[in-house]
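If you read the sequences in order, they're chains P and S. Its first residue numbered 2, the first sequence is counted upward by one per residue in my numbering. Its first residue numbered 2, the second sequence is counted upward by one per residue in my numbering. Cβ atoms here follow ideal geometry from the backbone N, Cα and C, with glycine treated the same way. Values in this document were obtained by computation on a predicted structure and should not be read as measured data. Here is the structure we will look at, set down as structure tokens.
2 protein chains.
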Amino acid sequence: MREGPDIARIASLVGDPARANMLNALMGGTGLTASELALEAGVSLPTASSHLSKLMEGGLLTLASQGRHRYYGLAGPQVAGMIEAITGVAEAVGPKRVRPGPRDGAMRVARVCYDHLAGEQAVAMLDRLVEKDILLRDDREIRLGPSASSHFAAIGIDVDAKPRRPVCRACLDWSVRRSHLAGTLGAAILDKILLEKWARREKDSRAVIFSPPGKQAFEKVFLS
Amino acid sequence: MREGPDIARIASLVGDPARANMLNALMGGTGLTASELALEAGVSLPTASSHLSKLMEGGLLTLASQGRHRYYGLAGPQVAGMIEAITGVAEAVGPKRVRPGPRDGAMRVARVCYDHLAGEQAVAMLDRLVEKDILLRDDREIRLGPSASSHFAAIGIDVDAKPRRPVCRACLDWSVRRSHLAGTLGAAILDKILLEKWARREKDSRAVIFSPPGKQAFEKVFLS
DNA sequence: CGCATAGTTCGTCCCTCATCGAAGCATTCT
DNA sequence: AGAATGCTTCGATGAGGGACGAACTATGCG
């Protein structure tokens, strides 16, 4: 009854699971397209579009049009801070569902995140690539190291093409709470993993299952 | 899809107007009963009770039973911080509905807040009482000053009785963004205002309308 | 100029959840 | 004990809003 800033309006925008997932995905700081966010949120494109309109209207998002792509991003640090604050409470208040999570062990190990690999394997891979200076990580940004070109060429991945999407991108992995590798390079690596049949995708799930020899091959190439 | 803390769950708890109002009311830091919160939120007691259960289950509130009264309060500073963060975004993002607010000018001037006076008049009154050292304000806490007893006795209010409820309490006034006086003293003052017919309550509204002579009398006693 | 891709709008279905009145507990006061 | 509060639970009602498929618009590519 007391009139103040309409906090319920803002909170209810975040209070929908699909929208919450989108906002979470945008917490990485990189702009994402509607399709990417639809996948991230696990809803169809029209549904995602509708949610994005609402978030835009609510002032939580900004939109940057680049050619035929439209990149959505968080409206500012204040919004990001709010998400963090809510996340903090959610963590503090509901440890029940976070920890055990044996709901799908395979998902924690490796899964598809849009077009690249996520999960423990993916986080370990990025760590190792950075350790070997093949990739350079600088806070949130990831760049190619001097040896990247030759290293990836050796396994048939060309990192010197200049596509519209960035080659490297950090993507926050919520199951491990660390970053994994996204961008065209992340996508190319996932392609290779599936092409070489090192792993297969679980039907109707994002889980990625490595075969025993496939796992060895993957570790030899990326974790050695 | 990515599993993390369930931020949507928390946000949707805050995303209902009734619950948001309750949380806002509890931002004062004082425990409030279900009935008080029902009034604050503008819903019936059963509805309020249902909302309170959900907030409790969600871990956002704590409950302190004292005799037959049950005082609800925010679960902790983290929760308060979250509300503040959301409020900040709501303010930044929607100045449209905050400023002009001529929807009910009378409400801004003076209105009932549960059992005491709120609005510009109430805020001015508290300021003046503190200025004259009749009341002592210490951050959020308000105490009686040395001359309080005689000052209020002169207008027929006994502040020396020791009821269960605190005599003085600060209550955040959202229209002015400052505190006004609640507690039994606040209630007694409102009683006097209505009893002396300095003002009348608008029917079916929380607005309090002072008559011209009533306003003079009020100012003479409390704002001089 | 078509074709393809990215995105929005429309229409419809359906489910959740907020709301309230009435009745049921529980606690305290007389 | 009986009465009176303060609060919760139950049951029924209704509306808001999230979901998707299909059709439409817009931008870029050959």
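Strictly below 7 angstroms CB to CB, what residues from chain P border residue i?
i                : result
Pro74 of chain S : Residue 74 of chain S is actually Gly in this sequence, not Pro. The contacting residues do not exist; Gly74 of chain S stays about 15 angstroms from chain P at best.
Of all the options the options, which has the alpha carbon lying nearest to the alpha carbon of residue i?
i                 : options                                   : result
Gly187 of chain P : P:Leu145, P:Asp7 and P:Val110             : P:Leu145
Gly215 of chain S : S:Ser45, S:Glu92, S:Ala21 and S:Gln122    : S:Gln122
Ile194 of chain S : S:His181, S:Leu182, S:Glu85 and S:Phe211  : S:Phe211
Gly74 of chain S  : S:Leu38, S:Gly106, S:Val44 and S:Ile87    : S:Leu38
Ile158 of chain P : P:Val124, P:Arg129, P:Glu197 and P:Ile143 : P:Glu197
Leu137 of chain S : S:Val168, S:Ile156, S:Leu118 and S:Ala218 : S:Val168
Leu1 of chain S   : S:Pro47, S:Ser45 and S:Gln79              : With chain S represented from 2 up to 225, any question about residue 1 of chain S goes unanswered, as that position is not in the structure.
Leu143 of chain S : S:Ile156, S:Asp128 and S:Ser54            : Note that residue 143 of chain S is Ile in the sequence shown here, rather than Leu. Ile143 of chain S has its Cα closest to that of S:Asp128, out of S:Ile156, S:Asp128 and S:Ser54.
Lys55 of chain P  : P:Leu24, P:Gln67, P:Gly32 and P:Thr31     : P:Leu24
List, in order along the chain, the chain S residues whose C-beta lies closer than 9 angstroms to that of residue i?
i                : result
Gly89 of chain P : Pro6, Gln79, Gly82 and Met83
Do the CB positions of residue i and residue j come within less than 7 angstroms of each other?
i                 : j                 : result
Ile135 of chain S : Ser151 of chain S : no
Ala208 of chain S : Met126 of chain S : no
Met83 of chain P  : Val90 of chain S  : yes
Thr63 of chain S  : Ala76 of chain S  : yes
Gly184 of chain P : Arg170 of chain P : yes
Glu85 of chain P  : Pro6 of chain S   : no
Thr88 of chain S  : Ile190 of chain P : no
Gly120 of chain S : Val110 of chain S : yes
Ala72 of chain S  : Ala65 of chain S  : With the sequence shown as reference, residue 72 of chain S is identified as Tyr, and Ala is not the correct amino acid for it. Yes, they are a contact pair.
His181 of chain P : Val124 of chain P : yes
Ala42 of chain S  : Asn22 of chain S  : yes
Phe223 of chain P : Trp199 of chain P : no
His226 of chain P : Arg20 of chain P  : This structure cannot settle anything about residue 226 of chain P, because the visible part of chain P is limited to 2 through 225.
Gly16 of chain P  : Gly16 of chain S  : yes
Which chain S residues are close to residue i, counting only those with a beta carbon under 7 angstroms from its beta carbon?
i                : result
Ala93 of chain P : Gln79
Ala21 of chain P : Ile8, Ala9 and Ala12
Ala86 of chain P : Gly82, Met83 and Ala86
Residue i: beta carbon under 6 angstroms from a heavy atom of the ligand GTP?
i                : result
Ala19 of chain P : As for the ligand GTP, it is missing from this structure, which has no ligand bound.
Under 9 angstroms Cβ-Cβ, which residues of chain P neighbour residue i?
i                : result
Asp17 of chain S : Ala9, Ala12, Ser13 and Gly16
Along chain P, in chain order, which residues have C-beta atoms closer than 8 angstroms to that of residue i?
i                : result
Gly59 of chain S : Val94
Between the segment 12 to 31 of chain P and the segment 10 to 18 of chain S, do at least 3 Cβ pairs fall closer than 8 angstroms? Contact annotation: the segment 12 to 31 of chain P touches the segment 10 to 18 of chain S, with at least three C-beta pairs closer than 8 angstroms.
Just to confirm the assignment: which complete alpha helix (DSSP H) runs, minimum length 4, are found wholly within the segment 41 to 72 of chain P? For the segment 41 to 72 of chain P, whole alpha helix (DSSP H) runs of length 4 or above, ordered along the chain, are 46 to 58.
Only counting runs of 3 or more residues, tell me where the beta strand (DSSP E) segments fall wholly within the segment 129 to 164 of chain P, in order along the chain. As far as the segment 129 to 164 of chain P is concerned, its whole beta strand (DSSP E) runs of at least 3 residues are 136 to 139 and 142 to 145.
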